[in-house]
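All remarks here apply to the structure that follows.
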Amino acid sequence: MRRIYLFLLLFLLPALRLSAETPEITWTKGPSWLENTVIYQVYPSSFKDSDGNGIGDIPGVLSKLNYIEKLGVGVIWFNPLFESGWIDGGYDIKDYYKVDPRFGTNTDLVNLIEEAHKRGIRVFLDLVPGHTSIDHPWFRQSMEGDSNQRYSDYFIWSDRLPDEKAERDLKAMLASDNPMQNTHGKWMVSDAPRAKYYYKNFYACQPALNYGYANPSPDRPWEQDFDDPGPRAVRRELKNIISFWFDKGVDGFRVDMASSLVKNDPKKVVIKRLWREMRAWMDENYPDHVLMAEWNDPGVCLASGFNVDMNLNSTRSANRRLYFDVKHQADGGSYFSLNGGKPSVKDLYGNPWPGDRVDSETTPEQMLKRYYDYYEKVQAETSELGYFATITGNHDHLRLNTGARNDPRQLKVLMTFVMTMPLPILYYGDEIGIRSLVELPNVEGANHNGKERAGGRTPMQWDGSENAGFSTCEPEKLYLPVCPEWTPATSLPLYKEWKAAGAKNPTASGSITVASQENDPASLLNYTRKLIALRKAEKPFWASSTWTPVFTEGTPYPMVYTRSDGDSIYLVALNPTGVKKTVTIAPMTSLKKGTLVPEVSEGKVTYKISKKGDVLTMGPTSVMIVKIR
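The sequence shown lines up with residues 4 to 632 when you count with the numbering used here.
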C-alpha cells in the first residue's frame, strides 16, 4: 500500500506544482474605459513651469489641461511626483505619501485630479515599489543596530557578500566615477551599525525593499521567505500607499520594475503570487482602477494580475528594430527609416558608426516578421487577461524624432503605427515631434552605462518665445535645455557650435512647437489628434479588437495589417521608406474591381481591386487607412 501511495504522490506532484504556479484566473481584463483610450505620459519636471524656477510643476500641468483634453487622450500618466532624493529622476523616493515640493503640494495634485476628471481624463501615478531612496526614513531606521524596530526588515542586509562575483561587481562599482549612480552588481557597502552591505535594486542609492526570496537558502540568513514577517509588512505598506492615493482620486498606477520585487525567482512563481494578491485586493476595494506594469513580458505580467503591460522598445525587445538600431545610439538600422532598414552608417553625433557594431545581417523582412510573430503570439496568449500597450517613446529611450528620422511625414508614419495598435501610450512632445538630443549633462541620474536618457526628457515646446514657452527663467537655469530646431546627425557643425557655447540660449523658434502647429491642418499635432479621434470613434481600433498582420514573403514594405471588431475591418498600410512601394495582397473585400478611398492618408496612395488581388500602391513616406468592411 505504501508503494501505491508513493506512486500516486510522485504522479501528482508535477500537477500540484503546476497548479500552484498557474492558479485559476479570477479576474476580468479591467475597466471598460481602457478599451478606447490613449494614455499620455507626462514627465513632470519637463512639461510646464509655472513659477519660473526652470523645473515643471503641477500648477503648470493644470494650466495645460485644456491642451491635453483637446488631444483626445483619456489618461495622464505622470512619472514620479513623490518626494525624492533626485539622484535618479524621482525614482529614489523619500516619502510615498507626499508630493515633492518642486512640483507643489498634495492639495495641488488633488486639485489637478479633480479638474482632469471634469474633462473626462483619468490620472495615473508612477509607483516605485521595488526600492526607496537611501534618505527614506524607513531605510534610515533599518540602518540602526537594533534589528527589531518597525522598519528593520523592510530592507535586505548582510555582513558578507554571497560570492566572488558580488565582490567583483562591488569593486567595479566603487571604482566608477559616481558609485551612487551606478547600476553594476546587486550589493552596496555601508557603514551602518546594522550590517556591512545592503541589497540594491537599480542604482546604489536605491536600496531594495524586502519582498523576500522565492528560494531562500539556509546558508544565507539575509534571504527571508516571502511569507516571513518582514516581506509581509512590506506588502501591507504597498497596499497602504496604493489605497492612500486611490482615495485621493488617482485612477491607477504605472508600476516601475514590476518584476524585480521578489528575489531569486527566475520563473516568476512568487512574484505572480504577490501581484495576484494585489489584484484580488484591488478588485474587492477599487474595482474600477488600473495597474499598468513596466514588465515587457505580457504572458507572465498579465497572468500576474496586471491590467496592462507595456511593449517597451529597449534593446532586447521584439519591437526594437521597428524603432531603432539594435544598439542604442545609432542613426538608422531600423524598419521605420527612409533607407528601407539598411544598416546604420553613423551615430547620433554624426560620426561614422563603428564597424564592429554594424548589423548587416538583419533584413527589414526579418525585423517585421520577428515583430509580427511575437505580437500574434502575445495576442493569442493574453487576449482574455489584459492589455498590451504600444509606446511612441518614454523617459528611458530615444524619441521618435531621432537622427535622420526627423521629417514630419516620417513621424506621421510611425505615429500611425502606434495609434492604430490596440492600446497606445503617447509620450509628451511626440505629438509635435520634439527631437532627441545627445551629449546632454547627466541631470539627476538620467544617463548611465552609455545610455543617454536626458535627451528624451527635454522641456515641452509650447511656442517660439525664449525657452519655448516652458519657463520664464534664464535659459541657463533650465532643468534641461530646450531642444533646438536641428539634430546632431543632420547638422553636426551647428551642434558643435551650440555645445561649445554652453547651450546658453536654447530656444525652439521654428516648427516644433504647439503654437506653430495648432492651426496648421497638415501638422503632426493635428494629424495625431485625427488619429486619436478615429480610434475613439471606431471600435475596430479598440484595445480588445483583433490585430492581424498581412505579411507577403519577400516584400517587407509596405507594412500592412488589419484591425477588426468582428463586424467592421480597417486595413492599415505604412511605407516609411523614401521610395515608392507596391504590393498585391489576397482580396480583402467581396468587390471584383474598383478603388477604395482611404479614411486617412499621407502621401500618394491607391487601393485598387483587381482579379489578381488587391493592389496597394504607396508613394514615398506614406500612410493609408482604409475601411474594407
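Built from N, CA and C at the ideal position, the CB exists for glycine as well. The structure presented is a predicted model; accordingly, all values stated were derived computationally and were not measured.
(1) Where does leucine 264 land, buried or exposed, given buried means 16+ other C-beta within 10 angstroms?
(2) Would you please state the rounded distance, in angstroms, between the beta carbons of valine 586 and valine 603? I believe it to be under 8 Å.
(3) Taking only runs that begin and end inside the region 522-588, name each unbroken beta strand (DSSP E) of 3 or more residues, in chain order.
(4) Using the rule of at least 16 other Cβ atoms within 10 Å of the residue's Cβ for burial, across every protein chain shown, is glycine 557 buried or exposed?
(5) Less than 8 Å between the beta carbons of alanine 198 and serine 155, yes or no?
(6) Residues in its own chain within less than 6 Å of serine 593 by CB, not counting five upstream and five downstream?
(7) CA-CA distance, glutamate 379 and alanine 321?
(8) Taking the CB atoms as reference points, tell me whether tryptophan 225 and isoleucine 124 lie closer together than 8 Å.
(9) So serine 474 and glycine 215 are supposed to be a Cβ contact under 8 Å. How far apart are they, rounded?
(10) Output the distance between the C-alpha atoms of tyrosine 573 and leucine 417, rounded to the nearest integer angstrom.
(11) When you compare each of Thr565, Lys614, Gly569 to methionine 627 by their alpha carbons, which one comes out closest?
(12) For methionine 591, which three-state DSSP category applies?
(13) Determine the extent of the alpha helix (DSSP H) in which alanine 306 is found, giving its start and end residues.
(14) From proline 355 to valine 272, what does the alpha carbon distance come to, in whole angstroms?
(15) Ordered along the chain, which non-local residues of its own chain (more than five positions away) have a Cβ less than 6 Å from that of aspartate 60?
(16) Which term fits phenylalanine 81, buried or exposed, when burial requires 16 or more other beta carbons within 10 angstroms of its beta carbon?
(17) Residue range of the alpha helix (DSSP H) that isoleucine 274 falls in?
(18) Which residues in the same chain as leucine 68 place their Cβ atom closer than 8 Å to its Cβ, once the five residues preceding and following it in sequence are excluded?
(19) Measure the C-alpha to C-alpha separation of asparagine 39 and glutamate 170 and round it to an integer number of angstroms.
(20) Report the CB separation of proline 543 from glycine 581 in whole angstroms; it is logged as a contact under 8 Å.
(21) Short check: CB of aspartate 328 to CB of serine 337, under 8 Å?
(22) In angstroms, rounded to a whole number, what distance separates the CA positions of lysine 454 and glutamate 147?
(23) What are the boundary residues of the alpha helix (DSSP H) that includes asparagine 69?
(24) For the region 70-87 against the region 224-241, are there 3 or more C-beta pairs whose distance is under 8 Å?
(25) What did DSSP end up calling aspartate 111 once you bin it into helix, strand or coil?
(26) Provide the residue(s) that pair with threonine 633 in DSSP beta bridges, ordered along the chain.
(27) Take the Cβ of isoleucine 7 as the centre, count every other Cβ of all protein chains shown within 10 Å, and call the residue buried at 16 or more, exposed below.
(28) For lysine 101, which residues in the same chain have their Cβ closer than 8 Å to its Cβ, ignoring the five residues on either side in sequence?
(29) Under the three-state reduction of DSSP, which class applies to threonine 31: helix, strand or coil?
(30) Return the chain-ordered list of same chain residues with a C-beta closer than 7 Å to the C-beta of lysine 97, the five sequence neighbours on each side being excluded.
(31) Which residues does DSSP pair with valine 517 in a beta bridge?
(32) Distance, Cα to Cα, proline 444 vs isoleucine 394?
(33) Leaving out five residues on either side along the sequence, give the residues of the same chain with a beta carbon under 8 Å from the beta carbon of proline 196.
(34) Going by C-alpha to C-alpha distance, which of Ala383, Gln369, Ser468 sits closest to threonine 555?
(35) What residues are listed by DSSP as bridge partners for methionine 627?
(36) Give the DSSP-derived three-state secondary structure of asparagine 404 in the structure shown.
From the atom records:
(1) On the sequence shown, position 261 is the one that residue 264 refers to. Flag for leucine 264 reads buried.
(2) Sequence index remark: in the sequence shown, residue 586 carries index 583 (1-based). Sequence index remark: in the sequence shown, residue 603 carries index 600 (1-based). About 19 Å separates the beta carbon of valine 586 from that of valine 603, a gap too long to meet the 8 Å contact definition.
(3) Listed in chain order, they are 549-552, 562-567, 572-578, 584-588.
(4) Here residue 557 refers to the residue found at position 554 of the sequence shown. Exposed is the call here.
(5) Here residue 198 corresponds to residue number 195 of the sequence shown, with the count starting at 1. Here residue 155 corresponds to residue number 152 of the sequence shown, with the count starting at 1. It is not a contact, given that the beta carbons lie outside the stated cut-off.
(6) Against the sequence shown, residue 593 aligns to sequence position 590. If we look at serine 593 and ignore the five residues flanking it on each side, it has no Cβ neighbours.
(7) Position 376 of the sequence shown, counting from 1, holds the residue named residue 379. Position 318 of the sequence shown, counting from 1, holds the residue named residue 321. Distance between the alpha carbons of glutamate 379 and alanine 321 is about 12 Å.
(8) On the sequence shown, residue 225 is found 222 positions in, with the first residue counted as 1. On the sequence shown, residue 124 is found 121 positions in, with the first residue counted as 1. In this structure, isoleucine 124 does not lie closer than 8 Å to tryptophan 225 by Cβ.
(9) Walking along the sequence shown from the start, residue 474 turns up at place 471. Walking along the sequence shown from the start, residue 215 turns up at place 212. Not really, about 45 Å apart at Cβ, beyond 8 Å.
(10) Translated into positions along the sequence shown, residue 573 becomes position 570. Translated into positions along the sequence shown, residue 417 becomes position 414. It is roughly 18 Å from the alpha-carbon of tyrosine 573 to the alpha-carbon of leucine 417.
(11) As a first step, residue 627 is located in the sequence shown; it is residue number 624 there, counting from the start. Looking at the Cα atoms, Thr565 is the closest of the given residues.
(12) Locating residue 591 in the sequence shown gives position 588, counting from the first residue. Coil, per DSSP.
(13) Here residue 306 refers to the residue found at position 303 of the sequence shown. Looking at the DSSP string, the run of the alpha helix (DSSP H) that includes alanine 306 is 301-306.
(14) Position 352 of the sequence shown, counting from 1, holds the residue named residue 355. Position 269 of the sequence shown, counting from 1, holds the residue named residue 272. Proline 355 and valine 272: Cα-Cα distance of roughly 46 Å.
(15) Here residue 60 is taken as the residue at index 57 of the sequence shown, counted from 1. In chain order, Ser53, Phe106, Gly107 place their CB closer than 6 Å to the CB of aspartate 60, counting only its own chain and leaving out the 5 sequence neighbours on each side.
(16) Locating residue 81 in the sequence shown gives position 78, where the first residue counts as 1. Buried is the call here.
(17) Here the question's residue 274 lines up with position 271 in the sequence shown. First-last of the alpha helix (DSSP H) with isoleucine 274: 272-288.
(18) On the sequence shown, position 65 is the one that residue 68 refers to. Counting only Cβ-Cβ distances below 8 Å, and skipping sequence neighbours, we find Leu115, Glu118, Ala119, Arg122, Ile124.
(19) Within the sequence shown, numbered from 1, the residue matching residue 39 stands at position 36. Within the sequence shown, numbered from 1, the residue matching residue 170 stands at position 167. Their Cα atoms are separated by approximately 50 Å.
(20) What you label residue 543 is simply residue 540 of the sequence shown in a count that begins at 1. What you label residue 581 is simply residue 578 of the sequence shown in a count that begins at 1. So it is not a contact: roughly 30 Å between Cβ atoms.
(21) The residue labelled residue 328 in the question sits at position 325 within the sequence shown. The residue labelled residue 337 in the question sits at position 334 within the sequence shown. In this structure, serine 337 lies closer than 8 Å to aspartate 328 by Cβ.
(22) Numbered from its first residue, the sequence shown carries residue 454 at position 451. Numbered from its first residue, the sequence shown carries residue 147 at position 144. CA-CA distance, lysine 454 to glutamate 147, rounds to 36 Å.
(23) Locating residue 69 in the sequence shown gives position 66, where the first residue counts as 1. Under the DSSP assignment, asparagine 69 falls in the alpha helix (DSSP H) whose first and last residues are 68-74.
(24) No, the region 70-87 is not in contact with the region 224-241.
(25) Walking along the sequence shown from the start, residue 111 turns up at place 108. Under the three-state reduction of DSSP, aspartate 111 is assigned to helix.
(26) One cannot answer for residue 633 here, as it falls past the ends of the chain, which runs 4 to 632.
(27) Translated into positions along the sequence shown, residue 7 becomes position 4. In this predicted model, isoleucine 7 has a pLDDT of only 38, less than 50, meaning its place in the structure is not dependable enough to derive any value.
(28) Sequence index remark: in the sequence shown, residue 101 carries index 98 (1-based). Correct list, in chain order: Phe85, Glu86, Asn109.
(29) Residue mapping note: residue 31 aligns to position 28 of the sequence shown, counting from 1. Coil.
(30) As a position in the sequence shown, residue 97 is number 94, starting the count at 1. Excluding its 5 nearest sequence neighbours in each direction, lysine 97 has C-beta neighbours in its own chain below 7 Å: Glu86, Ser87, Gly88, Ser136, Asp138, His139, listed in chain order.
(31) Locating residue 517 in the sequence shown gives position 514, counting from the first residue. Bridge partners of valine 517: none, in fact.
(32) On the sequence shown, position 441 is the one that residue 444 refers to. On the sequence shown, position 391 is the one that residue 394 refers to. The alpha-carbon atoms of proline 444 and isoleucine 394 are separated by roughly 25 Å.
(33) The sequence position of residue 196 within the sequence shown is 193, counting from 1. Only residues of its own chain outside the window of five on either side were considered, and among them Met146, Glu147, Gly148 have a CB closer than 8 Å to the CB of proline 196, listed in chain order.
(34) Translated into the one-based positions of the sequence shown, residue 555 becomes position 552. For the residues Ala383, Gln369, Ser468, the minimum Cα distance to threonine 555 belongs to Gln369.
(35) Counting from one through the sequence shown, the residue named residue 627 turns up at place 624. Its beta-bridge partners are Ala576, Ser604.
(36) What you label residue 404 is simply residue 401 of the sequence shown in a count that begins at 1. If DSSP states are grouped into helix, strand and coil, asparagine 404 belongs with the strands.
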